[in-house]
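Chains as they are written, first to last, in our numbering: chain A, 269 to 593; chain B, 6 to 330; chain C, 5 to 298.
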Amino acid sequence: MTAPPVLEVKNLNTSFLLPIGEVRALRDISFDVRRGEILGLVGESGSGKSITGFSINGLLSPPGQVMSGSIRLHGQEITGLTPAAMRQLRGAKIAMVFQDPMMTLNPVLKISLQMGDALRAHARLSEREARARSIAALEEVGIPAPEERLDAFPHQLSGGMRQRVAVAIALLHEPDLVIMDEPTTALDVTIQGQILALVQRLCRERGTALIWITHDLAVVAGIADRILVMYAGRIVEDGTIDELLDTPAHPYTRGLIDSVPTREQRGSRLRQIPGRMPALTDIPEGCTFRPRCSFATDACAAPQEMRSLGTRLVRCCHPLTEVSA
Amino acid sequence: MTEFIVKRLLQALLVLAVMTVLVFFGVNVIGNPVYIFASSECDQPCLDAIIKDLGLDRPIWEQYWVFIGNLLQGDLGNSFTHGVPAMSLIWQRLPATLELAFCALVIALTVGLPLGVAAGLRPTHWTSRVIMGFSMIAFSVPIFWIGLIMIIVFSVSLGWMPAVGRGDTVDILGVDLSLFTLDGLHHLAMPAFTLSLIMMAMVIRLTRAGMREVLFSDYIKFARANGIRERRILTLHVMRNILIPIVTVLGMEFGGVIAFAVVVESIFSWPGVGKMLIDAIAVLDRPLIVAYLIFVVIMFVTLNLITDIIYSLLDPRVRLGGNSS
Amino acid sequence: MSGTVAHTAPAPGVWREFFRSPAAIVALATFSGFCLVALFAPWIAPQNPYDLAQVDIMDSLLPPGSESWTGAPYHLGTDGQGRDMLSAMIYGIRISLLVGLVSGVIALAVGTVVGLVAAYRGGWVDTILMRIVDLQLSFPTILVALILLVILGRGVDKIIFALVVVQWAYFARTVRGVALVESVREYVDAAKGLRLGHLRILFGHILPNCLPTMLVVATMQMAAAISLEATLSFLGLGLPPTRPSLGLLIANGFDYLQSGRYWISVLPGLVLLAIIVSANVLGDRMRDTLNPHL
Numbered sequence: 269m270t271a272p273p274v275l276e277v278k279n280l281n282t283s284f285l286l287p288i289g290e291v292r293a294l295r296d297i298s299f300d301v302r303r304g305e306i307l308g309l310v311g312e313s314g315s316g317k318s319i320t321g322f323s324i325n326g327l328l329s330p331p332g333q334v335m336s337g338s339i340r341l342h343g344q345e346i347t348g349l350t351p352a353a354m355r356q357l358r359g360a361k362i363a364m365v366f367q368d369p370m371m372t373l374n375p376v377l378k379i380s381l382q383m384g385d386a387l388r389a390h391a392r393l394s395e396r397e398a399r400a401r402s403i404a405a406l407e408e409v410g411i412p413a414p415e416e417r418l419d420a421f422p423h424q425l426s427g428g429m430r431q432r433v434a435v436a437i438a439l440l441h442e443p444d445l446v447i448m449d450e451p452t453t454a455l456d457v458t459i460q461g462q463i464l465a466l467v468q469r470l471c472r473e474r475g476t477a478l479i480w481i482t483h484d485l486a487v488v489a490g491i492a493d494r495i496l497v498m499y500a501g502r503i504v505e506d507g508t509i510d511e512l513l514d515t516p517a518h519p520y521t522r523g524l525i526d527s528v529p530t531r532e533q534r535g536s537r538l539r540q541i542p543g544r545m546p547a548l549t550d551i552p553e554g555c556t557f558r559p560r561c562s563f564a565t566d567a568c569a570a571p572q573e574m575r576s577l578g579t580r581l582v583r584c585c586h587p588l589t590e591v592s593a
Numbered sequence: 006m007t008e009f010i011v012k013r014l015l016q017a018l019l020v021l022a023v024m025t026v027l028v029f030f031g032v033n034v035i036g037n038p039v040y041i042f043a044s045s046e047c048d049q050p051c052l053d054a055i056i057k058d059l060g061l062d063r064p065i066w067e068q069y070w071v072f073i074g075n076l077l078q079g080d081l082g083n084s085f086t087h088g089v090p091a092m093s094l095i096w097q098r099l100p101a102t103l104e105l106a107f108c109a110l111v112i113a114l115t116v117g118l119p120l121g122v123a124a125g126l127r128p129t130h131w132t133s134r135v136i137m138g139f140s141m142i143a144f145s146v147p148i149f150w151i152g153l154i155m156i157i158v159f160s161v162s163l164g165w166m167p168a169v170g171r172g173d174t175v176d177i178l179g180v181d182l183s184l185f186t187l188d189g190l191h192h193l194a195m196p197a198f199t200l201s202l203i204m205m206a207m208v209i210r211l212t213r214a215g216m217r218e219v220l221f222s223d224y225i226k227f228a229r230a231n232g233i234r235e236r237r238i239l240t241l242h243v244m245r246n247i248l249i250p251i252v253t254v255l256g257m258e259f260g261g262v263i264a265f266a267v268v269v270e271s272i273f274s275w276p277g278v279g280k281m282l283i284d285a286i287a288v289l290d291r292p293l294i295v296a297y298l299i300f301v302v303i304m305f306v307t308l309n310l311i312t313d314i315i316y317s318l319l320d321p322r323v324r325l326g327g328n329s330s
Numbered sequence: 005m006s007g008t009v010a011h012t013a014p015a016p017g018v019w020r021e022f023f024r025s026p027a028a029i030v031a032l033a034t035f036s037g038f039c040l041v042a043l044f045a046p047w048i049a050p051q052n053p054y055d056l057a058q059v060d061i062m063d064s065l066l067p068p069g070s071e072s073w074t075g076a077p078y079h080l081g082t083d084g085q086g087r088d089m090l091s092a093m094i095y096g097i098r099i100s101l102l103v104g105l106v107s108g109v110i111a112l113a114v115g116t117v118v119g120l121v122a123a124y125r126g127g128w129v130d131t132i133l134m135r136i137v138d139l140q141l142s143f144p145t146i147l148v149a150l151i152l153l154v155i156l157g158r159g160v161d162k163i164i165f166a167l168v169v170v171q172w173a174y175f176a177r178t179v180r181g182v183a184l185v186e187s188v189r190e191y192v193d194a195a196k197g198l199r200l201g202h203l204r205i206l207f208g209h210i211l212p213n214c215l216p217t218m219l220v221v222a223t224m225q226m227a228a229a230i231s232l233e234a235t236l237s238f239l240g241l242g243l244p245p246t247r248p249s250l251g252l253l254i255a256n257g258f259d260y261l262q263s264g265r266y267w268i269s270v271l272p273g274l275v276l277l278a279i280i281v282s283a284n285v286l287g288d289r290m291r292d293t294l295n296p297h298l
């Protein structure tokens, strides 16, 4: 374990500089991803999952801006890089796939051109070489008759096919880190499973580090090694998949797990978390989850620091593991 | 694709049939056809001869067939003032108008597109406000007034530009063109620019609106996430999407440009079909007027047809009949 | 105009929002100023330009600031027939605005009826009406107006007719669009449940809710109509020379441009410019504040 992690994020703060003032979207985000590791980034919409992804690959659209903190790729700081240098990282070292496969591919350009452009962004290739590599990439993601598909327009492919193409494009240059932003949310359940298995296999084979962003704990439960739970712009719990699912330490994580329907609970009422996540403009003092937490005490009114509980981290002054122990 | 073209062709023929009926009834029912086809010096026996000659004693539907029959043979009568077939006059004058309209189109695109892109890239910057203000003025102020101001400034006051005529022409494939002589270009510049303003305003608006929409789309974000160079993204990935509505609107408006050429040609005494029409109206050269109207209608319907086909070539979604309404 | 919309007048906040833009205030002042000039033209104009007895050919082509040989001032000069430009322009504004307004109101009425009927009846009525609208809109307005005026000849009534023909389709399509949205709202269902007559539902319930949108489109269309009338008159196709609108005044001055007598064309041109731009700015601002579905 001498090599540094593929990605180290430390005390990352991202804000939107709006006319009404600074809106803090990410607060004090810190985590590592190692080679071959699959990290699940879980949270409700608006919790800052996608912002985290865009902060890493430098594609925050204005007025979004990384305010402070450090992001290191293989130990090298990338927050201060020039736009040109960032571009050279994107696609080559850091790739990203988006949620809606209907929208991720350019509707008026052939697949071959979109793949060719992505290839030539980081390599000098002739038309024929580009085509050969595209076909190989499409084959790898399980697209039948790739030569024909290459000359198709996106709307001629099904949603699942399109997402496979997007995955193929993201993996063209064998990046060290892939960020998947809810890539299966818009797909049918069976297709969802296929894409999950595909991405898991490809990343394991190549040792690619993977950040899988989702609002659905059940989706990453099967493939992730470690899970980060985000709430209102902060990481509230960070642990391995087993300890986090078996003995959640943060009440919010517990709530998320309880809202997943299971066989054991059949007949009983599905548990849910009351209330809703606060808007980023309106974050409460102290523990941000306090207004919805059934375990809240007076101590929760104080700002919560990340606490280390063995191998995991939790942002709660009375973790559930201690209460029950 | 063939089916699409055949369908559009039939639609165009239908519109054409409707328009000939309208022009026919406009000429024969609203106006007195005898006066439209007779010169102003015609006495009573001459009028009777024309009535018989035109077959006005026959039922109206029969007259319509005669009219269509003559039309299909390209026979729209002789011009009173020139004493030659009206259609031959139109063919003779047409190159000047097409040259003017084509140059206006080129100017509108080469100036309008970059301005629209600039306004779309930085929508709140003061330059973009200036550009949009310019587009509003160019769109709403009557072009004859703009042409007039140009004559006052550049011809009368500064004496830089000729205000009248085509200048030297050169014979290219049997057609006289001003475009390829210095003197001709000198004469062409002001009328072409004046005529281009309406289209330019439209190109600016459409480009800006398209930029705002396309720039924030997922597929552009994806292209960036793949490290494709910004210039390539703008010139191909963004532009191809923006060009589709622009090409359509320009194609539809090109007929309008031919119609507006009437105004510009009168101001700058440009010897095209528009100037011919105004001259014909002044001396009541009725066959020439009718010939012009029929000709413009045919050209307009043809242009719409061509636009539809080009549009379908550019946008793969339409070609496959995806959203034909 | 305010009387007809009074019962659905937007909340006062909308007007406050409207006046937040300095450009809109200037535009409103300019436009209402011209309307007042048009309304009171006979009392404001120093001379009646239509009355040949008051025009002296001896005074033709005088530059601005001259005096007639009888000593009367010509603040803005005279034209080729010796008419006082100021008076000619005041009457020109009157005719231009009149033509724009009358044609706009008629086109609005026709288009509204067609649009409402299409939206309310639906089915084949809607299909046929909208096909006609599409066909009409696919031809450039200037071309249609040109054809009509060639057939019809000159005259105030004729140009108004031509302008109505080229404008009604815009209103029809806009009104249909808004009415379609409105006609599925609950209040229409409620009105139908009360067994109110079709006309009552259309004009009493759907129409008032289309008004903000129609106001915006009407303002923009009026600017377009005035501009189109000026263009046609400039070509010698619209109004008779006896009733010169701004466009015709500009055309009259065109012949004198080369000899440097710019004022005959430029002054009416500036007024035309001010009217059209102010109407467009007003329309833009109204769209932003009333925020109709355009």
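Ideal Cβ placement from N, Cα and C applies to all residues, glycine included. Note that this is a predicted model, so its numbers are computed, not measured.
- DSSP places A/I362 within a strand segment (E or B) once states are collapsed to three.
- Residue contact check for A/T549 against chain B: no CB pair falls below 9 Å.
- The beta carbons of A/V487 and A/H518 sit about 19 Å from each other, so the pair does not count as a contact at 8 Å.
- Counting C-beta pairs closer than 8 Å gives three or more between the region 298 to 315 of chain B and the region 249 to 256 of chain B, which meets the contact rule.
- Per the Cβ contact rule, the region 167 to 182 of chain C is in contact with the region 132 to 147 of chain C (3 or more Cβ pairs under 8 Å).
- Following the DSSP letters along the chain, one finds C/D161 inside the alpha helix (DSSP H) bounded by residues V160 to S187.
- The contact set of B/I142 on chain C, defined by CB atoms closer than 7 Å, consists of V281 in chain order.
- Shortest Cα-Cα distance from A/V301 to any of A/I339, A/L418, A/G314 and A/P351 involves A/I339.
- The C-beta of B/F149 comes closer than 9 Å to at least one C-beta of chain C.
- Contact of C/N284 with chain B is assigned, a C-beta pair being separated by under 9 Å.
- Chain order gives the chain C residues near B/M257 as S142, where near means a beta carbon separation below 8 Å.
- Contact annotation: the region 107 to 118 of chain B does not touch the region 163 to 172 of chain B, with fewer than three C-beta pairs closer than 8 Å.
- Under the criterion of beta carbons closer than 8 Å, B/A106 and B/V302 do not qualify as touching, at roughly 16 Å.
- Interface annotation, A/L440: in contact with chain B, CB-CB separation under 9 Å.
- For A/V582, the beta-bridge partners assigned by DSSP are A/E505 and A/R575.
- Contact fails between the region 121 to 133 of chain C and the region 247 to 255 of chain C, because fewer than three Cβ pairs, one in each stretch, are under 8 Å apart.
- Only residues of its own chain outside the window of five on either side were considered, and among them M92 have a CB closer than 6 Å to the CB of B/G79, listed in chain order.
- Listed along the chain, the chain B residues whose CB falls inside 9 Å of the CB of A/T372 are D223, Y224, K226 and F227.
- In this structure, the straight-line span from the alpha carbon of B/W70 to that of B/L99 is close to 28 Å.
- Apart from the 5 residues on each side of it in sequence, B/I148 sits with its Cβ closer than 8 Å to the Cβ of T199, L200, L202, I203, F265, V268 and V269 in its chain, given in chain order.
- The region 274 to 291 of chain C and the region 28 to 40 of chain C touch, with no fewer than 3 CB-CB distances between them shorter than 8 Å.
- Chain C has a Cβ within less than 9 Å of the Cβ of B/A287.
- Scanning chain A for C-beta atoms nearer than 8 Å to the C-beta of B/I249 yields V376, reported in chain order.
- B/T7 sits in a helix when the DSSP states are folded into three classes.
- Looking at A/P351, A/Q344, A/E312 and A/G343, the one whose alpha-carbon comes closest to that of A/S329 is A/P351.
- Scanning A/K378, A/G410 and A/P546 for the CA closest to the CA of A/R469 turns up A/G410.
- Fewer than three beta-carbon pairs drawn from the region 353 to 365 of chain A and the region 213 to 223 of chain B are found closer than 8 Å, and the two stretches are therefore not classed as touching.
- In terms of Cα proximity to B/V278, the closest of B/L289, B/P292 and B/Y297 is B/Y297.
- Contact between B/G232 and A/A389 is confirmed by a C-beta separation of about 4 Å, below the 8 Å threshold.
- When rounded, the separation of the alpha-carbon atoms in A/D444 and A/G304 is 9 Å.
- A/E345 has A/R340 as its beta-bridge partners, per DSSP.
- Not one beta carbon of chain B lies nearer than 9 Å to the beta carbon of C/Q171.
- Between B/G164 and chain A, the shortest Cβ-Cβ separation is not below 9 Å.
- In this structure the region 397 to 405 of chain A does not lie against the region 366 to 378 of chain A, because fewer than three pairs of beta carbons, one per stretch, are closer than 8 Å.
- In the three-state reduction of the DSSP assignment, A/E511 falls in the helix class.
- In the structure shown, the three-state DSSP call for C/I155 is helix.
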